[in-house]
Each structure stands twice: as C-alpha cells, then as structure tokens.
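Report on the structure given below.
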C-alpha cells in the first residue's frame with residue numbers, strides 16, 4: 001500500500017524558512033524520481049521541484065529557483081524541501097509524489113502559510 005506522509009509546514013513570516021519532509025512507503029523509493037508539488041485554491045497542483053532517483057539531478061520551477069532546495073535520503077525513504085526566503089505567494093498546501101508520473105495515491109499534504 002502506497003503511503004506518502006508530508007509534514008513540516010506551518011506559519012512563518014515573509015523571509016523565513018521551513019523544511020518539509022515526506023516519508024514514503026509501499027513502493028521502491030530508491031528507484032523513483034520524486035517531486036514536490038503545491039496547490040492553492042482555484043489552481044491546479046503544480047510541480048515546483050524534482051529530484052532523480054539517485055539524487056544527482058534536480059530541477060526547480062522559476063518561482064522557487066534559488067530559494068528552495070530538494071534533497072532525499074534513500075535509506076530513510078524521505079524527500080525534503082528546504083524553503084528559504086519565503087514569500088506570501090508561497091502560501092499553499094505542499095505534497096510530494098513520484099515523477100514524472102505521480103502515483104494514484106496522494107498524502108494529506110502540509111500547509112505552508114507565509115505572512116507579510
């Protein structure tokens with residue numbers, strides 16, 4: 001059974017930092033590319049960061065490039081998102097999933113709220 005559990009979100013002031021974590025189970029994590037997505041009401045869920053199965057290749061959406069860093073620990077089946085210099089427009093629910101094709105199951109996500 002696939003499970004994705006995201007945590008680490010919260011309320012932070014503009015310019016602050018948060019580190020999100022996503023613990024995965026039920027599939028071969030070490031052989032799966034992973035992605036962080038975010039969703040705000042009225043919009044589609046969007047990919048903001050990707051990482052290859054071995055962790056050597058990462059990509060970022062322009063909106064977060066230079067501020068966010070994706071990483072992974074294949075021994076812990078965990079993918080991370082370090083978010084620095086947060087802006088109010090980063091407010092969203094953040095999810096992880098595999099990439100390029102997400103698994104059918106999604107976690108509950110973790111809410112990030114950035115106050116101005």
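Residue numbers (our numbering): 1 to 116. Beta carbons are placed, not taken as given, at the ideal position from N, Cα and C, and that holds for glycine. Note that the structure is predicted; figures quoted are calculated from it, not measured.
CA nearest to the CA of residue i, picked from the options
i           : options          : result
residue 54  : 20, 78, 110      : 78
residue 88  : 27, 96, 10       : 10
residue 32  : 111, 17, 102     : 102
residue 20  : 58, 72, 1, 62    : 72
residue 42  : 62, 17, 93       : 93
residue 63  : 47, 75, 52, 74   : 47
residue 40  : 49, 115, 111     : 111
residue 26  : 44, 49, 7, 104   : 104
residue 80  : 18, 45, 107, 114 : 18
residue 116 : 14, 36, 66       : 14
Boundaries (first-last residue) of the beta strand (DSSP E) holding residue i
i           : result
residue 7   : 3-7
residue 57  : Residue 57 -> no beta strand (DSSP E), and no H or E assigned at all.
residue 36  : 33-39
residue 113 : 110-115
residue 79  : 78-83
residue 118 : Shown here, the chain extends from 1 to 116; a query on residue 118 therefore has no answer.
Whole-Å CB distance - residue i paired with residue j, under 8 Å assumed
i          : j          : result
residue 22 : residue 5  : 7 Å
residue 30 : residue 74 : 4 Å
Buried or exposed by the 16-neighbour rule on C-beta atoms within 10 Å, applied to residue i
i          : result
residue 86 : buried
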